[in-house]
Each structure stands twice: as C-alpha cells, then as structure tokens.
C-alpha cells in the first residue's frame with residue numbers, strides 16, 4: 003500500500019487500525035516526509051491483498067491525499 007498524505011499526527015495509527023480491523027497484517031512500514039508538517043508518504047508491505055473497500059476507508063480520511071495498491075513479485079522463480 004502506498005499513500006501520500008500530510009505529515010500529521012494519527013496517520014500511522016489510522017493505517018494500523020484500518021489494517022487490524024480488517025485482518026490485514028503489516029509486515030513492514032516505511033515513512034518519509036519532505037519536512038516536519040509537510041508532505042509525507044507511507045509504504046506498507048502487507049501479508050495479504052488490501053481489499054478495495056478497505057482502500058476506500060483509507061482514502062476517505064482528510065489527511066490522506068492518495069492511496070493505491072502496489073504489487074511486487076519477489077523471491078518467486
């Protein structure tokens with residue numbers, strides 16, 4: 003899951019809560035921002051696909067600018 007969002011309190015909690023309430027486990031969580039209080043990104047590596055209805059929950063939050071699924075096939079040969 004890739005999000006662009008405001009660097010604001012509660013974003014990490016929002017993403018963790020939405021995942022937990024929907025049975026999606028977070029394997030890894032990366033954050034970045036351009037400056038305190040500025041623009042930020044979050045990149046979540048998940049153990050299961052992120053359902054569309056859950057993605058819509060994330061997108062509906064006022065501090066989330068965009069959210070989309072990314073898929074990487076690694077380790078499979």
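Numbering (our numbering), first residue to last: 3 to 79.
Even glycine gets a Cβ: it sits at the ideal position worked out from N, Cα and C.
Where residue 35 is concerned, the enclosing beta strand (DSSP E) starts and stops at 28 to 35.
Each of 72, 64 and 8 was checked against the Cα of residue 51, and the nearest Cα belongs to 72. Within the region 36 to 70, the complete alpha helix (DSSP H) segments at least 4 residues long are 54 to 61, listed from N- to C-terminus.
Membership of residue 15 in the alpha helix (DSSP H) is indicated by the continuous run 13 to 23. Taking residue 30 as reference, the option from 3, 64 and 65 with the minimal CA-CA separation is 3.
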